[in-house]
Amino acid sequence: PVYVNLGIVPSALKHPEKGNTAYSIFNENECIIRFPEIGSYYITAGSQIIVAPADNSITDHAMPVYTSCISIALLQRNLFLMHVSGCFVTRDEVLLLAAKSGTGKSTTAALLKQIGYPTFTDDTALLSIENGRCYARASYPETRMRKDATQTQQVYNLADGKQVYHKSEKFSF
110 PVYVNLGIVP SALKHPEKGN TAYSIFNENE CIIRFPEIGS YYITAGSQII
160 VAPADNSITD HAMPVYTSCI SIALLQRNLF LMHVSGCFVT RDEVLLLAAK
210 SGTGKSTTAA LLKQIGYPTF TDDTALLSIE NGRCYARASY PETRMRKDAT
260 QTQQVYNLAD GKQVYHKSEK FSF
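Here you go:
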């Protein structure tokens, strides 16, 4: 399990820093992320996330926890969460499409589904290396598409979708 709690994010890592970005510092077992307008996050040992909202509010923290913190916790466990869409090529093989957001991964997967390739995952997959082979585990059982992309394929109808969150142009199916 990964435990997510409200709390105080430490001002520094407990062990020496191995790297940093504009918003984070990290080592093999710890990471501190600071988004000035949203809050701070401390991820440690692949099992604990501490959230410290900037404005004492917990709204709008689902996306940073899901997109950044959970990915870091998994990486601390030697698992890789990839931003991909994909479909089955055979019963035991999948084709994963990795690219920047908005470039058409979900649309391409929907178009492949239209011609008979079942969806494996959309938006994310968890990758691991075991005995020299790469294994992929599908994420949540839904497809996420931008509003305009729903008009370029025939599998998903916008009227059947649910807006991912109030500021998003993505809909889930």
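Going by my numbering, the letters in the sequence shown line up with residues 110 to 282, in that order.
Beta carbons are placed, not taken as given, at the ideal position from N, Cα and C, and that holds for glycine.
All values reported here derive from a predicted model rather than from experimental measurement.
* To do: Output yes or no for whether 8 Å exceeds the beta carbon distance between I181 and V118.
  => As a working mapping, residue 181 is identified with position 72 in the sequence shown. As a working mapping, residue 118 is identified with position 9 in the sequence shown. It is not a contact, given that the beta carbons lie outside the stated cut-off.
* Tell me, please, whether the region 183-202 touches the region 234-245 by the rule of three or more beta-carbon pairs shorter than 8 Å. => yes
* By a C-beta neighbour count over all protein chains shown, 10 Å radius and 16 as the cutoff for buried, is D198 buried or exposed? -> Against the sequence shown, residue 198 aligns to sequence position 89. Just to set this straight, residue 198 is Val in the shown sequence, not Asp. Exposed is the call here.
* Asked: V285 by DSSP, collapsed to three states: which one?
  -> The displayed coordinates of the chain run from 110 to 282. Any statement about residue 285 would go beyond what the structure contains.
* Does the Cβ-Cβ distance between N114 and E126 come in under 8 Å? -> Locating residue 114 in the sequence shown gives position 5, counting from the first residue. Locating residue 126 in the sequence shown gives position 17, counting from the first residue. Taking 8 Å as the Cβ cut-off, N114 and E126 do not qualify as a contacting pair.
* Asked: What does a CB cutoff of less than 6 Å around L183 pick up in its chain, not counting 5 residues either side in sequence?
  -> Reading the sequence shown from its first residue, position 74 is the one you call residue 183. Excluding positions up to five away in sequence, the list reads L190.
* Exposed or buried, T176, counting other C-beta atoms within 10 Å across all chains shown (16 or more means buried)? -> Numbered from 1 along the sequence shown, position 67 holds the residue referred to as residue 176. With fewer than 16 other Cβ atoms within 10 Å, it is exposed.
* Which residues share a DSSP beta bridge with Q262? -> Numbered from 1 along the sequence shown, position 153 holds the residue referred to as residue 262. Bridge partners of Q262: none, in fact.
* Residues bridged to Q272 by DSSP? -> Counted from its first residue, the sequence shown places residue 272 at position 163. DSSP output for Q272 lists F280 as bridge partner(s).
* Identity of the residue in L206, Y112, A268 and R255 nearest T230 by Cα -> Position 121 of the sequence shown, counted from the start, is the residue given in the question as residue 230. When C-alpha distances from T230 are compared across L206, Y112, A268 and R255, the shortest belongs to L206.
* Asked: Beta carbon of Q272, beta carbon of F282: below 8 Å?
  -> Translated into positions along the sequence shown, residue 272 becomes position 163. Translated into positions along the sequence shown, residue 282 becomes position 173. No. Outside cutoff.
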